[in-house]
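Notes for the one structure printed next.
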Amino acid sequence: MSQQQRVNQLAEGMILGFLTAGMGALAIYYLPVKFLVDFVWGIPIIIILKKYDLQIGLFTLVTTFIMTLILIPPIDSLLMFVVLAPLALTFGLLFKYEITPGASLLTGAAVSVLSTVIAVLILLNIDPLIIMPTEQALRTQAVQSMALYAKLGLVTADEASMYVESGIKLVRTLIPSAFAIGSLIRAFFTYILAIKVLQKLNYRVPPLPAFSDWRLPWYSVWLLITGLGMSLAGDQFRLPALAIIGKNMVFIVFPLFLTIGTAVVAYFFKTWKISTWIKALLGIAAAVNFSGSLVLFTLIGIFDPLVSFRKWKRPAE
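Reading the sequence shown from the start, the letters are residues 382 to 698 in the working numbering.
As structure tokens, this is what we get:
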């Protein structure tokens with residue numbers, strides 16, 4: 382490679398670094414777009430890694446960090462970099478070496494959760510109240526909400542008090558899993574967007590299976606079993622730490638099984654010859670009984686790794 386080619390690569394990396402830093406600054410100063418920026422922030426870095434090599438990718442990251450320090454406060458820069466940069470670097474390398482979607486998503490999810498844990502530890506050292514609101518703050522918000530329901534006659538005063546106490550306990554218990562689920566969502570949508578962008582740029586990437594073909598391995602059910610077991614054992618033997626870990630495990634795997642259950646239903650809608658009006662009726666029924674549909678789809682997702690519903694044959698025509 383000639384020196385001029387290397388200079389051109391560095392210049393491209395610098396430009397993409399400026400672009401990435403600009404997106405980060407936009408997320409800080411215009412909060413409505415922060416949720417979207419979490420997914421697209423790493424795309425320029427993924428592109429540069431796929432196109433060139435790790436050295437250019439690291440140069441782009443350093444450029445991004447320096448420019449971000451100039452544009453936004455140092456603490457915000459550090460936290461953004463800790464949360465988003467490792468995921469972008471990981472996906473960039475995975476795309477470069479054309480690792481399969483399943484392994485890529487699993488690796489990206491692990492990196493995203495670990496990055497979030499590090500960011501949370503940093504925040505806890507700066508101001509713990511940012512992560513864990515005081516009980517009084519939670520109680521004030523809950524009481525205000527319950528007061529409205531009581532005023533409308535939807536709940537009695539005793540019921541409102543009971544809901545407030547249980548709600549506070551639940552929120553404080555599930556804060557860790559809320560962060561973990563946020564990390565998983567970030568990893569998933571970053572991966573999906575990266576695939577779309579790289580395909581538009583005519584790069585070869587491993588194809589993502591159709592949604593109706595998504596599935597989990599049979600041993601994934603043990604995550605749910607372990608979580609339930611730890612939760613029950615912790616409550617039974619008065620081991621709060623064990624119970625909290627178990628409840629958070631259950632809360633984390635719930636959306637995974639819900640997604641797989643939805644994929645199974647989508648598979649049957651796609652492959653079985655069901656008339657359009659019946660599909661419409663089923664869709665309306667699922668929407669009307671939304672909570673029941675969530676439970677049903679989740680149960681389907683839990684049992685699918687064990688019985689593989691998609692092996693069922695179509696009904697005779």
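Ideal placement from N, C-alpha and C gives every residue a C-beta, glycine not left out.
Just mark methionine 585 as buried or exposed, buried being the case when its beta carbon has 16 or more other beta carbons within 10 Å. Note that residue 585 corresponds to arginine in the displayed sequence, not to methionine. The residue is exposed, with fewer than 16 neighbouring Cβ atoms inside 10 Å.
Review point. Okay, do the stretch 622 to 639 and the stretch 545 to 556 touch, 3+ Cβ pairs below 8 Å being the bar?
Key: Touching, per the Cβ criterion.
Around the C-beta of methionine 629, are 16 or more other C-beta atoms found within 10 angstroms, so that it is buried, or is it exposed? This sequence places asparagine at residue 629; methionine is not what is there. It counts as buried.
| task | Below 7 Å CB to CB, which residues in the same chain sit around phenylalanine 678 once its five sequence neighbours on both sides are set aside? | result | Only Leu639, Gly642, Thr643 and Val646 meet the Cβ criterion.
*Output the distance between the C-alpha atoms of proline 587 and serine 656, rounded to the nearest integer angstrom.*
34 Å
Enclosing alpha helix (DSSP H) for tryptophan 599 [first to last residue]: Taken as a continuous stretch (DSSP letters only), tryptophan 599 belongs to no alpha helix (DSSP H), as it is neither H nor E.
request  = Look up threonine 679 in the DSSP assignment and say whether it is helix, strand or coil.
outcome  = In this structure, threonine 679 counts as helix in the three-state DSSP scheme.
Starting from tyrosine 648, follow the alpha helix (DSSP H) in both directions and report where the run begins and ends.
621 to 652
Tell me whether alanine 668 sits in a helix, a strand or coil according to DSSP, three-state version.
-> If DSSP states are grouped into helix, strand and coil, alanine 668 belongs with the helices.
Query - Segment limits, alpha helix (DSSP H) that includes arginine 387 - result: Here the alpha helix (DSSP H) through arginine 387 covers 384 to 410.
*Where isoleucine 655 falls: helix, strand or coil (DSSP)*: The answer is coil: DSSP assigns isoleucine 655 none of H, G, I, E or B.
Notebook entry, point to check: Are the beta-carbon atoms belonging to glycine 423 and phenylalanine 472 less than 9 Å from one another?
Noted result: yes
Quiz item: CA-CA distance, leucine 486 and phenylalanine 570?
Solution: 10 Å
Check proline 588 in the structure and name its three-state DSSP category. coil
field: Under the three-state DSSP convention, the category tyrosine 478 falls into
entry: coil
| task | For the alpha helix (DSSP H) containing glycine 438, list its first residue and its last residue. | result | 435 to 452
Open item on the list: Just to confirm before moving on: does the CB-CB distance between phenylalanine 684 and phenylalanine 649 stay below 9 Å?
Closed with: no
- Task: Please classify glutamate 698: is it buried, with 16 or more other beta-carbons within 10 angstroms of its beta-carbon, or exposed?
- Result: Because glutamate 698 sits at a pLDDT of 47, beneath the cut-off of 50, its placement in the model cannot be relied upon, and the following sentence gives the value as read from the coordinates. Glutamate 698 should be labelled exposed.
> Does DSSP put leucine 616 in a helix, a strand or coil?
Replying inline: One detail in the question is off: residue 616 reads as aspartate in this sequence, not leucine. Three-state DSSP puts aspartate 616 in a helix.
**Request:** Give the C-beta separation of glycine 394 and phenylalanine 440 to the nearest angstrom, bearing in mind that I take them to be a contact with Cβ-Cβ under 8 Å.
**Result:** 5 Å
Going straight from the alpha carbon of valine 498 to that of alanine 466, what length do you get? Rounded to the nearest angstrom, the two C-alpha atoms are 14 Å apart.
Assuming the contact rule is C-beta atoms closer than 8 Å, methionine 470 and isoleucine 428 should be a hit. Round their C-beta distance to whole Å, please. It should be pointed out that residue 470 corresponds to leucine in this sequence rather than to methionine. In fact, because the Cβ distance is near 13 Å, the residues do not count as touching under 8 Å.
- On the premise that valine 421 lies in contact with methionine 404, defined as a C-beta separation below 8 Å, what is that separation, rounded to the nearest angstrom? 7 Å
Does the distance from the C-beta atom of proline 482 to that of tryptophan 599 stay below 9 Å? no
N- and C-terminal bounds of the alpha helix (DSSP H) containing aspartate 419: 415 to 421
Are leucine 597 and glycine 682 touching if we call contact CB-CB under 9 Å? yes
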